[in-house]
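Peer 1: Here the protein sequences come in this chain order: R and H. Going by this note's numbering, the residue at position 204 of the first sequence is 419; the numbering climbs one at a time, nothing skipped. Going by this note's numbering, the residue at position 232 of the second sequence is 447; the numbering climbs one at a time, nothing skipped. Even glycine gets a Cβ: it sits at the ideal position worked out from N, Cα and C. Predicted model, so just to flag it, every value in this text is computed and none were measured.
Protein chains: 2
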Amino acid sequence: MDGQVGIKDVASRAGVSTATVSNVLNRPHIVAPATRDRVLAAISALGFIRNESARQLRAGRSRFIGLVVLDVTNPFFTDVARGAEDLANEFGLAVILCNSDEQPARETRYLDLLEQHRVRGILITPTGSNPHRLDEIRARGIPVVLVDRHARRGRCSVSVDDVHGGDLAATHLLERGHRRLAFVGGPFTLHQVQDRLDGALQSLKRAGLDESALHIEETPALNVASGMDAAARLAERPAHQRPTAVFCANDLVALGVLQELTRRHIAVPEEIAIMGYDDIAFAASAAVPLTSVRQPRAQLGRAAAELLIEESRADGHHKHRQVVFEPELVVRGSTDMVHLDGRAGLEMTVEG
Amino acid sequence: MDGQVGIKDVASRAGVSTATVSNVLNRPHIVAPATRDRVLAAISALGFIRNESARQLRAGRSRFIGLVVLDVTNPFFTDVARGAEDLANEFGLAVILCNSDEQPARETRYLDLLEQHRVRGILITPTGSNPHRLDEIRARGIPVVLVDRHARRGRCSVSVDDVHGGDLAATHLLERGHRRLAFVGGPFTLHQVQDRLDGALQSLKRAGLDESALHIEETPALNVASGMDAAARLAERPAHQRPTAVFCANDLVALGVLQELTRRHIAVPEEIAIMGYDDIAFAASAAVPLTSVRQPRAQLGRAAAELLIEESRADGHHKHRQVVFEPELVVRGSTDMVHLDGRAGLEMTVEG
DNA sequence: CCTCCTTAATGAAACGTTACAATGCTTGGT
DNA sequence: ACCAAGCATTGTAACGTTTCATTAAGGAGG
C-alpha cells in the first residue's frame, strides 16, 4: 500500500508544502529547525526514498559516469575501475561499469545506454572499431576521456606510454641475449597492442636488427585462452625457427603462454623466456613469476575520472589534456635464467 | 544549440504528435509505414536520444538491476558478475556493479543508491552486518537475491554448499596425512567463511579428531595482503606447533599465504600444504598450482539474475527459492607431495 | 446515403522532483 | 504608525516520456 511514497506524502504528513520538503532535502539550512525536524520525522516514518529518475529528469543529467572497459575479468581493468570509482565517489558520482568484451557491437550498445542515461561523462578504453562514434558523443556535449590510450589533440586521455613500454620489454629481452623473438597479441585494432609492438620494433631497429627477428603471432583477444592457442602454434614450429623469447601484449596472454608451454614440458625461461605486460597482481605469483611492464593502474583510473569531472564542471571552455604515465620494467623469473630460486617472486625494479 | 533534442522536436520536424513518435519508438507496428519512416528520418536527422530518466519516471522503475559484491578485484566476483550481466542483457536490463569492499558503510551507501534508482532488484553478497536492511528493502517490494550465501526460507538465494566445500577441503588434507591444520580467513561475519570453517570442523570430528587439531588464524579481509600477514604469523610459531597444512577461505588468501611462505623459503607443499577456495583462473597458474574447491561462478551469477527476474515478473505471488550448487574438489600441486611436475598445472577433478 | 468497423493519429494527463518568483509574517528603525 | 528588510514558506511551472481515451478518416456492407 505504501507502494511509492513520494515527496507529496511526506509533505502532507508533515503539514507543509512539497517545496519545503525539497528544501529540507537539498538546502536544510534555509528551513526553520522545527519544520525541518517535523519533515525529517515524516520522512523516516513513511520510509520515503528519493526518486533519482525524477531528480535527474529535472536536473537534465544524471549523477553517473560511465566506464567502458575491454574485459572486466582482467585484473588490470578492475584496478583501473577502482581508481575511477574512488574519485567519482568523492564527488558524489557513481560509476556504471560496462564490459565491451572487445566486441564493437557490445561497445556500441553500452554507449547508447550511457547516452540515454545522460551520464556526466564517459571513460572508455575503445575497441577501436567505432572511431567517430566518440566524436559524435563529444559533439553532443558529453565529455569523453580515453583510458589507456593516447588521444589526438583536442581530446582528453590518460595513458601510459605503450611505445616506450614495448621498447623496454624488447630491450630487456635483447640484453638477455635473445635474437629470435615473438610478439603475441591482438587484435591490432587495439592501439595498445599496436603501440607495444611498435615499441618492440623500435628497440630492434636501434639494436641494428632486422624486423624479421620478431615473429608476430596475432591473437583474436587478450586473454588466457588466446595465449594458450598462440603458444601451441609457436611450439609446433620447427625448433630452429622457434623463438627463444616471447613478448606478450598483456599478462593474461603471457599466463596462457606459460601454461601451454609448461604443459608441453618446454622450460621457462631456459628454452623460452616470457614477458608480460601490465604487471597485474597475479603476475608475481605465477608458476614462473612473470617479468612484466608495470602500469599505474589505479592512478590511471583516478586521473581519468579527474579529467572527466574537471571537464564537466568547466561550463565555459575546457583545455583538453593528454596525461601520459611512464611504464616501469619489473624483472622476474620468466626472463631471468640466473634467478636465485625458480619459485620465488624475487623482484627487482628497473627505472621508470 | 541542439543541446537536448526531445521527442517534441522530433514530432514537430516530422509533422506528427509526440504520441506518434512515442509509438514509433515503442510499438512501431501500430503506426503507418509512411509516417514511421518520416519519424525515423527526423530522429536520425536530429540525433535524438531517448531520455531514460523520463522513461523511468513514467514507468515507475528502472531497467537496472544492482549487483553488490564484496570485492571487484577478486576474479571470483567478476566471473559471477559476468554471469549475471549476460542473463540481464538477455532481458534488456543493465547491471550496476557495486563494490562494498567488505565494508558495511559502503554497502549501505550502495543499497541507498540502488533504492533511489528504483532498480528492478538487487543481487547481493552481504557483508553480514546489516541483517535486516535487506528485509526492509524486500518489504518495499524490491526483490533481493542473496548470492553465494544461503538464505532462510522465504527469501531467494543462490549459493554453493560451503559446509560441504569446507568438508571436502579438510577431508582431502586429512587423507594426505596432515594432523596439524590451520584455517586462515575472516572476518567471521561473512557467512562463507564461517560455513567453510564449519565444514572443516565437521570433517575433523568425523575423523575422530579434536577441534584443537585446527588452529584458526583470523584475517580482517579475504585478500592477498591478509593472506601474507596471516602466513607471517603462522611461520613465526615454533616449528612443532606450526601447521603442516593450511586451508584458506579463498584463493586470494591462499595466494598470499603461498607468496609469504615462499619468501621465507618454506617449501610448499613439502613443509606446509595449502588449500584454496573458489578455484579462480589464476589458481591453476600459481607458483605452486593451488588445490582448490571449485564453484560454478558464472552459473551462480546467471542463476541469481534468473531468480531475480522471475520474481520481478511475478506480480502475484512468487515462490522464493534457495538454489544450491555443489562444490567440487580440484587437486593440484599445493597439497600433493607426489605430483609429477612441480610446475605443471596438472589437475584431477574429484567428484561433485 | 447512412452506419458500423478498422486503422491512424492525437490531446492531455500523469510520473516525482526542483527552482523561481511570490506571499505572508516578524521585527526593528524612524 | 508606517516602511523596509529579512525570513520562512508556498504555488506552480517545468523536465521528457508514455498511456489512455478520443477523434478523424476511410472502406465495406446494407
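Is V571(H) near F292(H), with beta carbons less than 8 Å apart?
Peer 2: As displayed, chain H neither begins before 216 nor continues past 567, which places residue 571(H) out of reach and without an answer.
Peer 1: Quick check: the segment 329-336 of chain H against the segment 264-283 of chain R, are at least 3 beta-carbon pairs closer than 8 Å?
Peer 2: They touch, by the three-pair rule.
Peer 1: Please report whether the beta-carbon of L470(H) lies at a distance below 8 Å from any beta-carbon of chain R.
Peer 2: By 1-based counting over the second sequence, the position of residue 470(H) is 255. Closer than 8 Å: yes.
Peer 1: For D301(H), collect the residues of the same chain with a Cβ closer than 7 Å to its Cβ; drop the 5 residues on either side in sequence, then sort them by chain order.
Peer 2: Locating residue 301(H) in the second sequence gives position 86, where the first residue counts as 1. Once the five neighbours on either side are set aside, the close Cβ partners of D301(H) are R517.
Peer 1: According to DSSP, what are the bridge partners of A450(R)?
Peer 2: The residue given as residue 450(R) occupies position 235 in the first sequence. Partner(s): none; A450(R) has no beta bridge.
Peer 1: I'd like to check one pair, V287(H) with L312(H): are the Cβ atoms closer than 8 Å?
Peer 2: As a working mapping, residue 312(H) is identified with position 97 in the second sequence. As a working mapping, residue 287(H) is identified with position 72 in the second sequence. Result yes, Cβ atoms of L312(H) and V287(H) sit closer than 8 Å.
Peer 1: Compare the beta carbon distance of V399(H) and A445(H) with 8 Å and say whether it is the shorter of the two.
Peer 2: On the second sequence, residue 399(H) is found 184 positions in, with the first residue counted as 1. On the second sequence, residue 445(H) is found 230 positions in, with the first residue counted as 1. Going by C-beta atoms, V399(H) is nearer than 8 Å to A445(H).
Peer 1: Taking 8 Å as the threshold (beta carbon to beta carbon), is V439(H) in contact with chain R?
Peer 2: What you label residue 439(H) is simply residue 224 of the second sequence in a count that begins at 1. True, the Cβ-Cβ gap to chain R drops below 8 Å.
Peer 1: Tell me, to the nearest whole angstrom, how far the beta carbon of A299(H) is from that of A464(H); I am working on the premise that it is less than 8 Å.
Peer 2: Stepping through the second sequence from its first residue, residue 299(H) is reached at position 84. Stepping through the second sequence from its first residue, residue 464(H) is reached at position 249. That belief does not hold up - the Cβ atoms of A299(H) and A464(H) are roughly 23 Å apart, past 8 Å.
Peer 1: Look at the Cβ atom of V359(H), then the Cβ atom of I337(H), and state whether they are nearer than 8 Å.
Peer 2: By one-based count along the second sequence, residue 359(H) stands at place 144. By one-based count along the second sequence, residue 337(H) stands at place 122. Going by C-beta atoms, V359(H) is nearer than 8 Å to I337(H).
Peer 1: Mind checking the segment 519-552 of chain R against chain H and listing, in chain order, the residues whose C-beta falls within less than 8 Å of any C-beta there?
Peer 2: Listed by position along the chain: nothing, the set is empty.
Peer 1: Taking its Cβ as the centre, do 16 or more other Cβ atoms sit within 10 Å of L555(H), making it buried, or is it exposed?
Peer 2: Numbered from its first residue, the second sequence carries residue 555(H) at position 340. Only weak support exists for where L555(H) lies, its pLDDT of 40 falling under 50; the value from the coordinates is given anyway. With fewer than 16 Cβ atoms within 10 Å of its Cβ, L555(H) is classed as exposed.
Peer 1: At the level of alpha carbons, what is the spacing between D316(H) and E543(H)?
Peer 2: Taking the second sequence and counting its residues from 1, the one referred to as residue 316(H) is at position 101. Taking the second sequence and counting its residues from 1, the one referred to as residue 543(H) is at position 328. Near 27 Å, if we compare the C-alpha coordinates of E543(H) and D316(H).
Peer 1: Excluding the 5 residues flanking S344(R) on each side, which residues of the same chain have their C-beta closer than 7 Å to its C-beta?
Peer 2: Locating residue 344(R) in the first sequence gives position 129, counting from the first residue. These residues qualify, in order along the chain: P319, T404.
Peer 1: 8 Å is my cut-off, CB to CB: does N345(H) come that close to chain R?
Peer 2: Here residue 345(H) refers to the residue found at position 130 when the second sequence is read from its first residue. Closer than 8 Å: no.
Peer 1: May I ask which residues mark the beginning and end of the alpha helix (DSSP H) holding G298(R)?
Peer 2: Here residue 298(R) refers to the residue found at position 83 of the first sequence. From DSSP, the alpha helix (DSSP H) with G298(R) extends over 290-305.
Peer 1: May I ask which residues mark the beginning and end of the beta strand (DSSP E) holding G336(H)?
Peer 2: Along the second sequence, read from residue 1 onward, the residue named residue 336(H) stands at position 121. Counting along the chain, the beta strand (DSSP E) containing G336(H) begins and ends at 336-339.
Peer 1: How long is the line joining the alpha carbons of R457(H) and H480(H), rounded to whole angstroms?
Peer 2: Counted from its first residue, the second sequence places residue 457(H) at position 242. Counted from its first residue, the second sequence places residue 480(H) at position 265. Distance between the alpha carbons of R457(H) and H480(H): 15 Å.
Peer 1: Hey, I361(H) and P346(H): beta-carbon distance below 8 Å or not?
Peer 2: For the purposes of this step, residue 361(H) is taken as the residue at position 146 of the second sequence. For the purposes of this step, residue 346(H) is taken as the residue at position 131 of the second sequence. Position check: residue 361(H) holds Leu in this sequence, whereas Ile was assumed. Contact flag unset, no.
Peer 1: Could you tell me whether the segment 471-480 of chain H touches the segment 404-414 of chain H, using the rule of 3 or more Cβ pairs below 8 Å?
Peer 2: Not touching, per the Cβ criterion.
Peer 1: So which of R364(H), H406(H), A422(H), V375(H) has the shortest CA-CA distance to A389(H)?
Peer 2: Walking along the second sequence from the start, residue 389(H) turns up at place 174. One detail in the question is off: residue 389(H) reads as Leu in this sequence, not Ala. Here the closest residue by C-alpha is A422(H).
Peer 1: What residue range is occupied by the uninterrupted beta strand (DSSP E) comprising F497(R)?
Peer 2: Mapped onto the first sequence, residue 497(R) falls at position 282. Here F497(R) belongs to no beta strand (DSSP E); instead the alpha helix (DSSP H) covers 496-499.
Peer 1: Between the beta-carbon of G307(R) and the beta-carbon of R278(R), is there less than 8 Å?
Peer 2: Position 92 of the first sequence, counted from the first residue, corresponds to residue 307(R). Position 63 of the first sequence, counted from the first residue, corresponds to residue 278(R). Yes, the Cβ-Cβ distance between G307(R) and R278(R) is below 8 Å.
Peer 1: Can you tell me which of the three DSSP states V374(H) falls into?
Peer 2: Locating residue 374(H) in the second sequence gives position 159, where the first residue counts as 1. In the sequence under discussion, the amino acid at residue 374(H) is Ser, which differs from the Val named in the question. Residue state, collapsed to three classes: strand.
Peer 1: Rounding to the nearest angstrom, what Cα-Cα distance links N314(H) and G392(R) in this structure?
Peer 2: Walking along the second sequence from the start, residue 314(H) turns up at place 99. Walking along the first sequence from the start, residue 392(R) turns up at place 177. Spanning the two alpha carbons is a distance of roughly 45 Å.
Peer 1: What separation, rounded to the nearest whole angstrom, lies between the Cα atoms of L272(H) and R321(H)?
Peer 2: Locating residue 272(H) in the second sequence gives position 57, counting from the first residue. Locating residue 321(H) in the second sequence gives position 106, counting from the first residue. The alpha-carbon atoms of L272(H) and R321(H) are separated by roughly 26 Å.
Peer 1: How about A501(R) and A502(H): are their beta carbons less than 8 Å apart?
Peer 2: Translated into positions along the first sequence, residue 501(R) becomes position 286. Translated into positions along the second sequence, residue 502(H) becomes position 287. Cβ distance < 8 Å, so A501(R) and A502(H) count as in contact.
Peer 1: Mapping the DSSP letters down to three states, classify H532(R) as helix, strand or coil.
Peer 2: Taking the first residue of the first sequence as position 1, residue 532(R) is located at position 317. In the structure shown, H532(R) sits in coil (DSSP, three-state: anything other than H, G, I, E or B).
Peer 1: What are the boundary residues of the alpha helix (DSSP H) that H406(R) is part of?
Peer 2: On the first sequence, position 191 is the one that residue 406(R) refers to. Run containing H406(R): 406-421, per the alpha helix (DSSP H) assignment.
Peer 1: Applying a beta-carbon distance threshold of less than 9 Å, which residues of chain R neighbour A296(H)?
Peer 2: As a working mapping, residue 296(H) is identified with position 81 in the second sequence. Per Cβ cutoff of 9 Å: V287, T288, L312, N314.
Peer 1: Closest to R251(H) by C-alpha separation, out of E451(H), S507(H), S237(H), would be which residue?
Peer 2: For the purposes of this step, residue 251(H) is taken as residue 36 along the second sequence, with counting starting at 1. The residue with the shortest Cα to Cα distance from R251(H) is S237(H).
Peer 1: Assign E526(H) to buried or exposed, taking buried as 16 or more other Cβ atoms, counted over all protein chains shown, within 10 Å of its Cβ.
Peer 2: The residue given as residue 526(H) occupies position 311 in the second sequence. Counting Cβ neighbours within 10 Å, E526(H) comes out buried, since at least 16 surround it.
Peer 1: For V546(H), does the three-state DSSP call read helix, strand or coil?
Peer 2: Stepping through the second sequence from its first residue, residue 546(H) is reached at position 331. Correct three-state label for V546(H): strand.
Peer 1: Please determine, among A469(R), D363(R), A529(R), the residue with the shortest C-alpha to C-alpha distance to L515(R).
Peer 2: Residue mapping note: residue 515(R) aligns to position 300 of the first sequence, counting from 1. Ranking the options by Cα distance to L515(R), first place goes to D363(R).
Peer 1: Going by Cα to Cα distance, which pick from P248(H), A513(H), R536(H) is closest to L523(H)?
Peer 2: The count along the second sequence starts at 1 and reaches residue 523(H) at position 308. Per the Cα distances, R536(H).
Peer 1: Tell me the rounded alpha-carbon separation between M563(H) and G381(H).
Peer 2: For the purposes of this step, residue 563(H) is taken as the residue at position 348 of the second sequence. For the purposes of this step, residue 381(H) is taken as the residue at position 166 of the second sequence. Note that M563(H) scores 41 on pLDDT, short of 50, meaning its location in the model is unreliable; the coordinates nonetheless yield the value given after this. Taking the straight line from one Cα to the other gives about 18 Å.
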